[in-house]
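Input: a single structure, listed below in structure tokens.
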Amino acid sequence: MTDKLSVPVTGLLTGGASVTPVMADRVVAAFLTNYRRTWRASIFSSVLAPLLGLVALGMSLGKVVDAGPGAHAFGTVDGRPVTYLVFLAPALLANTAMQTALGESMYPVMQAMKWQRQYHAAIASPLSALDIYLGHVTFVTLRILMNSTVFFGVMALFGAVHAAGPAGIGPLLALPAAVLTGVAFCAPTIGWAITQERDTGFSLVFRFVMIPLFLFSGTFFPVSQLPAVIQPLAYATPLWHGVDLCRGLALGTATAGSVAGHVAYLSALVAAGVWYGRRTYRRRLNP
Amino acid sequence: MAQITSPELPPAVETALIKAAGLRKVFPPTRRGGDAFTAVDGIDFEVRRGEVFGFLGPNGAGKSSTMRMIGCVSPVSAGELTILGMDPRVDSSRIKARLGVVPQEDSLDLELRVRENLLIYGRYFGLKRAEIAARTAELLDFVQLADRAESTVEPLSGGMKRRLTIARSLINSPEILILDEPTTGLDPQARHVVWDRLFRLKQAGTTLVLTTHYMDEAEQLCDRLVVMDHGRIAAEGSPRDLIERYSTREVLEIRFAPGSGEQEAAVAKAEGLVHSGERGSIERIEELPDRILLYGADGEAALAAVHGSGITPLASLVRRSSLEDVFLHLTGRTLVD
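So the protein sequences, as listed, match chains X and R. One gets my numbering by counting positions in the first sequence from 1 and adding 6 to each. One gets my numbering by counting positions in the second sequence from 1 and adding 506 to each.
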């Protein structure tokens, strides 16, 4: 095998069975071949929508906020108050990652499992259920990276990256932080999506998980503005950790402790997701 | 006598490519307190190199579960299963690398082109692009889809999709091709094209394992087959063997006007012809909802005897016994959902 990504893994992932190389890259290649045909359609939802949010809320609403009594609610960097645009942009970056992750982790799984059954074709080849799971997660990670990179680039054009942080690579780390946030959503969601017999649960996730997270996880205002009873709930959500991490890095206000805490939380979610996805994929594809 | 080892003599493992002994598949209960479901209940069989081996049976007989275990997709619950000399519990990936699978339901990438479907599948097997391109040209030629290489899969007909699935299953030049109901849902022309291609594969030395509930398909293609029912093997042999063993040479079918009560009366009268020892003697009678089947060596003589005993059917048909008669005899006539 000459595949670059083929690496041997230990019994930890294969569940104690014989050590086999991970061939997830072959699944990624299949998804990319498919994506080459559909990428145009995905541009609006994944890139344009968050950009419009940045323009509408960051620029327009931001002008009103910055001129009003709330102007100093977003902290200071280098002694100057942080503008609303600069406060909002890194949070929208984390949201872009989350929305891309959720969008690519539910219907496409059902499509491959039930509607077009590509997973069944894949499991008949030398690939294992774990290869297929990791392949899907890797492909979604690439999609998160793509969308976050575009968004990050536009943030820079708006002056929301350079203007904020101190010189150095700090602000640039907001990009991998966003990707980590996205993976923390996609790893468990993909594992859950394959257990679903119908797609009804997916719209519930968008309505009752994604939208509330979008609104209440510190994207548009500091969580400290929420009623005290709800605050702990907001601090517990993965999106708040992603938002706070991205914002802290972009503004240069992050401390080593806060970065470590957020990264540990999000990484634990990824690890739990992989553990769960490995089980659900095997149960469904090797019945 | 001195033992001579001939270089042409294949090693023992080569004669039986697939070997199952006491093979079982039990699905755990789907909900708490439910019952476990035994899909395959201890079966033994051997598939030899170069033959076409069939699994026949009604829906729910355990054919597909058996095929999924052979395909190393579904874990074996109990018993022994050896494929290409390897144990699927240990070497599933290595076994799968040498198998081709044509599933019951299509699993193609509908939005992609025909050629891209083969490319993706070849990549699953770790084949190099150049190798896949060469194989693709060859295989699309073989399944008569060469002029469709750049078409999107979605609008293709059912027969074309099936042929593409067969081409895809051959991308890794498999030693064993597993086909789960390969012609279900195809029109007669499309079925004959598929049969012709499968026959060519057999001629070229590929071992085929297939399930079907089309008796004509089994008679056309299979060298040997097993009839499965309720997770067990009810009979095993070549189509001709099975017909000889479980049926008579000819069958007389007689029909009556539905709802007239004539059929019941005719069955009673026909009982007298069973083992009558005279010309037109029959072996046994099967009553179907719409007709009576009389099994005997000479169908025309049986028809004369039927007329002689005062039965006047609305229509009659004398035919050779087929695998379908064996199948119905062994698996019963109750409708299986």
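We put the CB at the ideal spot given by N, CA and C, even for glycine. Predicted, not measured: the structure shown is a model, and the values here were computed from it.
Residue ranges of each alpha helix (DSSP H) within the segment 57-96 of chain X, 4 or longer: Counting only runs of 4 or more, we get 68-73.
Ordered along the chain, which non-local residues of its own chain (more than five positions away) have a Cβ less than 7 Å from that of R/Phe-833? For R/Phe-833, the CB contacts under 7 Å within the same chain, skipping 5 residues up- and downstream, are Leu-562, Met-721 and Val-733 in chain order.
3-residue-minimum beta strand (DSSP E) runs that sit fully inside the segment 646-717 of chain R, ordered along the chain: Here the runs fully enclosed are 682-686.
Is it the case that the Cβ atoms of X/Leu-133 and R/Tyr-627 are separated by a distance below 8 Å? Taking 8 Å as the Cβ cut-off, X/Leu-133 and R/Tyr-627 do not qualify as a contacting pair.
What are the boundary residues of the beta strand (DSSP E) that includes R/Asp-550? Looking at the DSSP string, the run of the beta strand (DSSP E) that includes R/Asp-550 is 543-554.
Going along the chain, which residues of the segment 614-627 of chain R sit with their C-beta nearer than 8 Å to a C-beta in chain X? Flagged, chain order: Leu-614, Asp-615, Leu-616, Glu-617, Leu-618, Glu-622, Leu-625, Ile-626 and Tyr-627.
Taking a contact to mean a Cβ-Cβ separation below 8 Å, would you say R/Gly-786 touches R/Ala-821 in this structure? No.
With three or more C-beta pairs closer than 8 Å as the rule, is the segment 72-88 of chain X touching the segment 146-154 of chain X? Too few Cβ pairs lie closer than 8 Å, so no.
To the nearest angstrom, how far is the alpha carbon of X/Gly-197 from that of X/Val-143? Whole-angstrom Cα-Cα distance: 9 Å.
Between which two residues does the alpha helix (DSSP H) holding X/Ala-379 run? Residue 379 of chain X lies beyond the residue range present for chain X, which begins at 7 and ends at 293; the question has no answer from this structure.
Can you check which of these residues, X/Lys-69, X/Gly-141, X/Ala-130 and X/Leu-57, is closest to X/Asp-31 by C-alpha distance? For the residues X/Lys-69, X/Gly-141, X/Ala-130 and X/Leu-57, the minimum Cα distance to X/Asp-31 belongs to X/Gly-141.
Determine the chain X residues that contact R/Val-607 at a beta-carbon separation under 7 Å, and present them in chain order. Scanning chain X for C-beta atoms nearer than 7 Å to the C-beta of R/Val-607 yields Ala-130, reported in chain order.
Ignoring anything shorter than 4 residues or poking outside the segment 618-646 of chain R, list the alpha helix (DSSP H) runs there in chain order. Complete alpha helix (DSSP H) runs here, min 4: 620-630.
Neighbour list for R/Arg-629 in chain X, Cβ cutoff strictly below 8 Å: Under the 8 Å cutoff, chain X gives Arg-32, Ala-35 and Ala-36.
What number of angstroms, rounded off, separates the C-alpha of X/Gly-171 from the C-alpha of X/Gly-258? Confidence at X/Gly-171 is low in this model, with a pLDDT of 48, below 50, so its placement is unreliable and the value that follows should be read with caution. Each residue's Cα considered, the two are about 5 Å apart.
For R/Arg-844, which residues from the same chain have a beta carbon less than 6 Å from its beta carbon, with the 5 sequence-adjacent residues on both sides left out? Lying outside 507 to 843, the shown extent of chain R, residue 844 of chain R is not represented and no answer is given.
Contacts that R/Lys-602 makes with chain C (C-beta to C-beta distance below 7 Å): The chain labelled as chain C is not found among the protein chains of the depicted structure, namely X and R.
Does the segment 685-702 of chain R come close enough to the segment 603-611 of chain R to have 3 or more Cβ pairs within less than 8 Å? Yes, the segment 685-702 of chain R touches the segment 603-611 of chain R.
Evaluate X/Phe-214 with the Cβ neighbour count: other Cβ atoms within 10 Å of its Cβ, from every protein chain shown; 16 or more gives buried, anything less gives exposed. Classification for X/Phe-214: exposed.
For R/Thr-588, the first and last residue of its enclosing beta strand (DSSP E): It spans 584-589 - the beta strand (DSSP E) in which R/Thr-588 sits, taken as one unbroken run.
Under 9 Å by beta carbon: chain R residues contacting X/Arg-123: Residues of chain R passing the Cβ test: Pro-609, Glu-611, Asp-612, Ser-613 and Leu-614.
Flag X/Arg-5 as yes if its beta-carbon sits less than 8 Å from any beta-carbon of chain R, otherwise no. Look at the range of chain X in this structure, 7 to 293, and you will see that residue 5 of chain X is not part of it.
Check this for me: beta carbons of X/Ala-166 and X/Ala-95, under 8 Å apart or not? X/Ala-166 is a Cβ neighbour of X/Ala-95, given a cutoff of 8 Å.
Reducing DSSP to helix, strand and coil, say where X/Ala-103 ends up. If DSSP states are grouped into helix, strand and coil, X/Ala-103 belongs with the helices.
Does X/Pro-114 have its Cβ less than 8 Å from a Cβ in chain R? Closer than 8 Å: no.
Is the CB-CB distance between X/Leu-255 and X/Ala-162 below 8 Å? For the pair X/Leu-255 and X/Ala-162, the CB atoms are not nearer than the 8 Å cut-off.
Can you pull the chain R residues whose beta carbon is under 7 Å from the beta carbon of X/His-126, in chain order? Pro-609 and Ser-613, listed in chain order.
Can you give the Cα-Cα distance for R/Glu-617 and R/Val-582, rounded to whole angstroms? Between R/Glu-617 and R/Val-582, the C-alpha separation is close to 35 Å.
Buried or exposed by the 16-neighbour rule on C-beta atoms within 10 Å, applied to R/Asn-565: Counting of Cβ neighbours within 10 angstroms places R/Asn-565 among the exposed residues, the total staying below 16.
State the Cα-Cα distance for the pair X/Ala-127 and R/Met-575, rounded to the nearest angstrom. Those two C-alpha atoms are separated by around 15 Å.
Taking DSSP's pairing of strands, which residues face R/Ala-526 in a bridge? BP columns for R/Ala-526 point to R/Phe-551 and R/Leu-587.
Name the DSSP bridge partner or partners of X/Phe-50? DSSP lists no bridge partner for X/Phe-50.
At a Cβ threshold of 8 Å, is R/Ser-679 touching chain X? Under the Cβ criterion of 8 Å, R/Ser-679 is not counted among the residues facing chain X.
So with CB distances below 9 Å, who are the chain R contacts of X/Thr-39? Near X/Thr-39 (Cβ distances below 9 Å), the residues of chain R are Asp-615, Leu-618, Glu-622, Leu-625, Ile-626 and Arg-629.
Test: X/Gly-21 CB closer than 8 Å to a CB of chain R: At X/Gly-21, the pLDDT of 44 sits below 50, so the modelled position is not reliable and the matter cannot be decided from this model.
How would you list, in chain order, the residues of chain R whose beta-carbon sits under 9 Å from the beta-carbon of X/Pro-238? Around X/Pro-238, no beta-carbon contact reaches into chain R at under 9 Å, the shortest distance being about 34 Å.
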